[in-house]
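Residue numbers (the UniProt record's numbering): 1 to 1157.
All C-beta atoms in this analysis are idealised placements derived from N, C-alpha and C, irrespective of residue type, glycine included.
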Amino acid sequence: MFNLKNDKIKEAIDKRCADLADNQRRMIDNITENEMKKIFIDRVLIDDKDGNSILVTDENKIKDITKDHFQNAAGSKNRTIDDLQEWSDEYEPIRSINELIYNNCLVPITDDEWDIVIKDLPIKKAVGPTGIAYDEIKKAPSEFNHLLRNIINEENLEKILSIADTFYNLNDIKINKDKSELLLRKKYIPESLSLSFGKSIVNIKPTSKKGSIRLLGVWFNAFNRRNHVIDQIKNEINNCCDSMILRKKLTDKQMAFIFNVLIIPRIEYRAQLIILSEYECNKIMAKFRILFKHKLKFMKTTPNSIVHLKEMFNVKNIEDNQLQAKTTNFILQINDKNELGMITKIRLYNLQQLLFLNDNPIYSLREKDIIRYKKIFTTQLKNHYILECIKMLKTQNFSIAINDTVDKMEIIGGNILIKDILPEEIYFDNLRSIKKLNIMFADQILTLDGKNLLTLKEILGKRFKKFFSPNRSLIEKSWKIIEDCILDNNEIIKRRISIEATNKIGTSFAHNLKGTILTKMNSDSEPINNGFIFGKKKLHNDIILVYGKNYNLGSNDIVLEHYITVNNPDDLFMGLKKCLGCFLDETSTLGPLERIHKQSNCLVKLRIEDVYFLENYLHSHAMIIHETDSYIVPDIIQSHIESNIWHEHNFIIEPLLFKQDDIRLNIFESNMQKSTQNCIEKYVKKEKFNKNLTIEKLNVINYKLIQQLGEQIFVYIDGSVINNGTENIDGIAGLHFYDKDHKLIDEFYVNIEHWISPSKAEVTSFIIALIIVHNISNVEIITDNEFIFNYFNDIICKTEIYNTRKLLKTQNNIYIWALIRQFIDLNEIIIPKITKIKAHDDDLYHNFLDQQIKGRYSDRNRVYSVNFNFFQLDKIEYMLTWNNIIIEKPIRRFIRYYNEILNLEKFFNLRRNRKYTIDSVEWAITFEFLKENENVLQTNFHTTKRRRYKIKNLIEEIPTVEQRKLTNFDIYKDWKCPVCERKKETFGHVWRCYSNRKRMRNIIYYSIICLIEKIKEYDIYTFDEAKIIDLFINESFGEVKVNNNKLTFVDIIKGLFPKLLADFLRQEIKMTKVHIFETGVKFLDFVFDSTHKIWVDRCDLQKDKEISLGVTKEDKKHYSYDKNIVKKDINHKVYQKVEGLLNNIYFNIEPLDFIVR
């Protein structure tokens, strides 16, 4: 009975293993213990047309009858109400009430009314539950305000509610109002609330501050907390570990499948609105990783990289999946053309204003800057989704291509940011003060010639200043620090900026007054008590400045009492002394009404439009010195004042020199006058260094084709790639244009850069053909590429609307195909006829084109470089880049590929693999050896066990005595090798032990024989067996040694195939890649099986020794460690820039091929 039960259990487990490939749904239900409740109907009794009962037993007919029954069993019932007259009086309107009194309330809100309300909204107020501040509404585009107004309008709101109510009544849907949930953003949340819900009053218990509600599948918290989401994710992991994996006998692939297919999507679903940090991801995954290693009998300290490595166990990492999902969604979000995209743009403006950035945060933020900003604006940036997305991208070297054709949110006000001339620590420590002063550019704090630093008083008098607080201590302290950083220590009195600052800022002509306010006098100006004025006076052919006090003010002129300056022009104050008489004195020419009783030694008459107040205050700060009858005006530098006046004078004389000082780019593109461009100039970028020869050539071809006057034109297109997969890869696309008689009109060849592949070469030639013939009819394009032919015809025939999500899911070359689709949607081209010919057929003209393309690899004189202007795409404004290369593949697939290479690099960076980073191992054969001849969905416990042993060998984690000392030091501290009992038992010693020397020599010999026999099995290769034997004798991999620099047979035991041996098979014997893989795997399998017997015999001796000394399993569970052991970093960073992927983009080299070479 016991054996029968075990047999059934074994049968069920084997069936579960088989279901991984054959019936995954059943395997999942089995593991998750999901009971499927089914009703088996094997017979049905029905009535025929004549009312006779018929018994149906056919399985297919039963399905149809059952389906038809449930579709029609609950049909609609139409009820007619005969008499409504008795109720008609009840529904009659009350005549005594004037029904017109509500008319104005129901009139839709107009644009003018809305604008008045928005204009009167206060600023800098706390946001409500919506999170939208009044400031954001004021700055929002008109489209957003139109949307908001429609929601608020009573008419529209009633219409929405009416539609919903009609829908519920029509479908007889009853809403349980008692199940309503409420989020409150209040400091004190009541236990319950009574709310009116239509005609009903319901009691609702508000959600707690830590709680959340689910809306459209997403969990929200009113206080922007995310602990509830993290707890949900932890519960998913706990449920997976405790209920699905812990108590069940599963293979490695089954555990990985359950986690990848069930748990990862759930985590992604729950974490839609939050970004988990690397620490949080590792903490969440820790439990599964530990259990996974435990089930496979790995040590807890086994590197996580083998768990996630695709070539080993291929368990998805939460952090990797987050990067894939969040990046894809973020790109879709910022490219959205509807409400989501509009709200995102508002959020970006808000973030730009908060962080005091001069450009779009997507472009201008760096990873280290984000970390600093979060420390400064802790509350405002708490769990900020957009900021966290940007940080996540920047961390992985992803960015967004700068698009010059759309609104970059750029603020124009200077060339150099204040951030760029100050040390980072200084800038961020004083950011709040800098923001209050509203100084973003270096130009704002310098004189107009850019050589001197302004004083704080001059800054506070600028037009852009937003600081109004009476408490200036923090501002003054920060300004002193900024002065210390910028001023030249030897020229502090003159306020000269340092040489370092000058080199960063450079020199440029000032096109405005940089926010300086020059307060002019007029006939209504109130005189400043004890205040000074100054103005321009024409003297002969020159203009001079005259200082003085207001003496008499007329309607057009002003008479001032002249004062002369007695200070140095660069002093931090102005000294003014009454003039005792000079050549400017006009007393004798003034009329009696222009003088007062007091006698003055020097009076000067000026035009009132040329006169300015020296100080912008209600009361002058000038201090009188009675002994000399002079004044000192503090915090005013004469040279700065005069420079402003002369610049303004020049701008008046030459208005074209003037430019606005602080404006945003015009965000309403419809108001901008766009230059007319043809299709060629619109979609092909101009070249910086080649005088636009490419565009000129394309226009010339287009002109030649126009001259055919509508006659038939044939365009042959093709592309080719040579040296694929090497650093010498090259690709060229070619086009030949023929007239109706097949006479060559012109030809065009273009070089392929980045993502070089035959498919890109073909599609490049196709889009160039479409661009050239965009305005020409009667064109036939001939290609041998079936994909281009079919896909283009699908675009023409299908009428469905393509959004950004669909465009970014194109197989490859997504932006080229997006441009082609836009040509069709916007009717920018005359659609040509596409003809498909058989590849490598006897088509004379296509073969000639192919021959000409191959000839261009050696003659580059007439090969052009074409860069398409993808920024002209209407549906895609923001494009993801990696290492400044636009990603032309589906984003999620590319990032998954990126993560796979990153995990591979982490594995190679393990300290235990440092020896193999040199050109020594054929890793592709090693990884094939670990697969156990199984495909992805094949599994059983025998292969799982073998793979576990192989990987343990590979990472040197078989339980040798020295390995056991790491966790059970107290037990094994004095133990030696159980075979020889003389030396420490390390991984290398197991095979080098004196007692195993003879067995190892035999293993090496028979391994060579196995290798030779495997080659002979193909019966197509001729080779000298002695050369293979000599190779093992002469090279280090034929010796049983431990060498830190060279590959030995001990490394072969680990599963590493020597590259020298692979090169010998490839070059000397001329074996194919497939045969080399098969031979290498067979050779490694033989070595593994042979050496594993040595390990099994050794383990038997170890067990006997432990039994004799009374060491039990319980003893081994009590961990102890050597306190004197030196902990070493498990990693040595040889690969850290995903260079394998970069070379895949440049040269189409497989990442593994690059990394191991």
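| Asked | Found |
| --- | --- |
| Straight-line Cα distance separating Leu4 from Leu935 | Here the sequence assigns Asn to residue 935, which means Leu is not the residue at that position. The alpha-carbon atoms of Asn935 and Leu4 are separated by roughly 32 angstroms. |
| Lys1082, enclosing alpha helix (DSSP H) - first and last residue | 1073-1108 |
| Whole-Å CB distance - Ile267 paired with Ile318, under 8 angstroms assumed | 6 angstroms |
| Where Ile886 sits in the DSSP three-state scheme | strand |
| Ser555, buried or exposed, once every other Cβ within 10 Å from all chains shown has been counted against 16 | exposed |
| Pairwise C-alpha distance: Ile824 and Ser670 | Caution applies to Ser670, whose pLDDT of 39 falls short of 50 and renders its modelled position unreliable; the value that the coordinates give is listed next. Answer to the nearest angstrom: the Cα atoms are 23 angstroms apart. |
| Per-residue burial, Cys980 [other beta carbons within 10 Å of its own, 16 or more giving buried] | exposed |
| Span separating the alpha-carbon of Glu800 from that of Phe223 | 41 angstroms |
| Whole runs of the alpha helix (DSSP H) within the segment 243-290, excluding any shorter than 4 residues | 252-258, 264-270 |
| Proximity winner among Ile830, Leu880, Ile781, relative to Lys836 (alpha-carbon distances) | Ile781 |
| Beta-ladder partner(s) of Lys605, from DSSP | Val559 |
| Contacts around Ile1125, its chain only, beta-carbon distance under 6 angstroms, and the 5 residues preceding and following it disregarded | none |
| Cβ pair Ile533, Val611 closer than 8 angstroms | yes |
| For residue 1158, the three-state DSSP class (helix, strand or coil) | An answer regarding residue 1158 cannot be provided, because it is not within the stretch 1 to 1157 covered by the chain. |
| Any C-beta of chain E under 8 angstroms from that of Ala325 | Absent from the structure: chain E. Only one protein chain is present. |
| Distance, Asn397 Cα to Val750 Cα | 30 angstroms |
| Cα-Cα separation between Lys345 and Gly211, rounded to whole angstroms | 29 angstroms |
| Assigned exposure category for Asp542 - 16 Cβ within 10 Å defines buried | exposed |
| Residue interval of the beta strand (DSSP E) (run including Met623) | 623-625 |
| Cys1099 to Leu216 span [Cα, whole Å] | 58 angstroms |
| Beta-carbon proximity of Ser765 to Ile717, cut-off 8 angstroms | yes |
| Element boundaries [alpha helix (DSSP H), containing Ala1062] | 1059-1063 |
| Per-residue burial, Phe668 [other beta carbons within 10 Å of its own, 16 or more giving buried] | In this predicted model, Phe668 has a pLDDT of only 38, less than 50, meaning its place in the structure is not dependable; the value taken from the coordinates is given anyway. Exposed, by the Cβ-count rule. |
| Nearest-angstrom Cβ-Cβ length linking Glu956 and Phe298, presumed shorter than 8 angstroms | Actually they do not touch by this definition, with Cβ atoms about 12 angstroms apart. |
| Backbone secondary structure at Pro634 - three-state DSSP | strand |
| Cα-Cα separation, Glu561 to Ser639 | 22 angstroms |
| Exposure label - Ser675; buried when at least 16 CB within 10 Å | Only weak support exists for where Ser675 lies, its pLDDT of 46 falling under 50; the value from the coordinates is given anyway. Flag for Ser675 reads exposed. |
| contact_flag[the segment 851-858, the segment 720-738] where n(CB pairs < 8 angstroms) is 3 or more | yes |
| Endpoints, the beta strand (DSSP E) within which Arg214 is located | 213-215 |
| Beta-carbon proximity of Ile421 to Ala501, cut-off 8 angstroms | yes |
| Cut-off 6 angstroms between Cβ atoms - residues of its own chain near Asn384, not counting five sequence neighbours on either side | It is His, not Asn, that sits at residue 384 in the sequence shown. Nothing listed; no residue qualifies. |
| Distance between Asp359 and Leu332 (C-alpha atoms, nearest Å) | 21 angstroms |
| Closest residue to Asp488 among Ile482, Ile481, Ser478, Ile499 (Cα-Cα distance) | Ile499 |
| Segment contact, 8 angstroms Cβ cut-off, at least three pairs: the segment 473-492 with the segment 427-444 | yes |
| Check whether Lys253 and Thr1091 have beta carbons under 8 angstroms apart | no |
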